[in-house]
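Undergrad: Residues 153 to 288, numbered by my numbering, are exactly what the sequence shown covers, in order. By construction, the Cβ of each residue, glycine as well, lies at the ideal position given by its N, Cα and C atoms. Source: prediction; values computed, not measured.
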Amino acid sequence: MASDCSTFNSALSWYSGRLTENRRFPPGEVKRHLRWLREFGESFPQRINPANIGQREVVLYFAEHCDDFGDPVEWYYRYKAIETFYEDMSSELDLPNNQIKGLYDESDLDPELLERIPDRPRMAPVDWSRDDRHMY
Numbered sequence: 153m154a155s156d157c158s159t160f161n162s163a164l165s166w167y168s169g170r171l172t173e174n175r176r177f178p179p180g181e182v183k184r185h186l187r188w189l190r191e192f193g194e195s196f197p198q199r200i201n202p203a204n205i206g207q208r209e210v211v212l213y214f215a216e217h218c219d220d221f222g223d224p225v226e227w228y229y230r231y232k233a234i235e236t237f238y239e240d241m242s243s244e245l246d247l248p249n250n251q252i253k254g255l256y257d258e259s260d261l262d263p264e265l266l267e268r269i270p271d272r273p274r275m276a277p278v279d280w281s282r283d284d285r286h287m288y
């Protein structure tokens, strides 16, 4: 199965089929994620396969393309799409651990941009006065 990810095109073909089968995302979102992943893959020389991309390459990609995104949160969505792609390849194909997982998280966004993330749980006050002795 490692040959399935020897190039970005073959890895994207595999991933496209996987996204279609699992139906984790609506079709429009699947197309957008695949477009973002294709753009990400095209930013590297063809001789580099997806397994050779690490944290340095991801950071450089976003540093070089940060002004290309119209929406200030788009870079984060793109990173999450790339992270999910690598997570799925790591779990399904013969790849080492996902080297880029957790590279960026919500703490990297400006606080006012956090509100624009739709599936984010809202902050709730914590009741520190409750008695937790019986919870263990």
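Could you give the DSSP three-state label for residue 192: helix, strand or coil?
TA: Helix at residue 192.
Undergrad: Thinking just about the alpha-carbon of each residue, which of 162, 188, 248 is nearest to the one in residue 213?
TA: Nearest C-alpha to residue 213: 188.
Undergrad: In terms of alpha-carbon separation, which member of 168, 198, 197, 195 lies closest to residue 184?
TA: Answer by Cα proximity: 168.
Undergrad: Let me know if residue 163 comes out buried or exposed under the rule of 16 or more other beta-carbons within 10 Å of its beta-carbon.
TA: The residue in question, residue 163, is buried, as its Cβ has 16 or more Cβ neighbours within 10 Å.
Undergrad: If I'm right that residue 193 touches residue 251 with Cβ under 8 Å, what's the distance once you round it to whole angstroms?
TA: Residue 193 to residue 251, Cβ: 16 Å. No contact.
Undergrad: Check whether the Cβ atoms of residue 210 and residue 261 lie closer than 7 Å to each other.
TA: Contact flag unset, no.
Undergrad: Secondary structure at residue 172, three-state DSSP: helix, strand or coil?
TA: In this structure, residue 172 counts as helix in the three-state DSSP scheme.
Undergrad: Suppose you measure from the CA of residue 190 to the CA of residue 203; what does that come to, to the nearest Å?
TA: Taking the straight line from one Cα to the other gives about 15 Å.
Undergrad: Entirely within the segment 218-263 and at least 4 residues each: give me those alpha helix (DSSP H) ranges in chain order.
TA: Listed in chain order, they are 226-244.
Undergrad: Note down the Cα distance separating residue 175 from residue 265, rounded to an integer number of angstroms.
TA: About 28 Å.
Undergrad: In its own chain, which residues sit with a C-beta less than 8 Å from the C-beta of residue 239, not counting the 5 before and 5 after it?
TA: Within the same chain, residue 239 has close Cβ partners 250, 253.
Undergrad: For residue 233, is the classification buried or exposed, using 16 other Cβ atoms within 10 angstroms of its Cβ as the cut-off for buried?
TA: Looking at its Cβ environment, which holds 16 or more other Cβ atoms inside 10 Å, residue 233 is buried.
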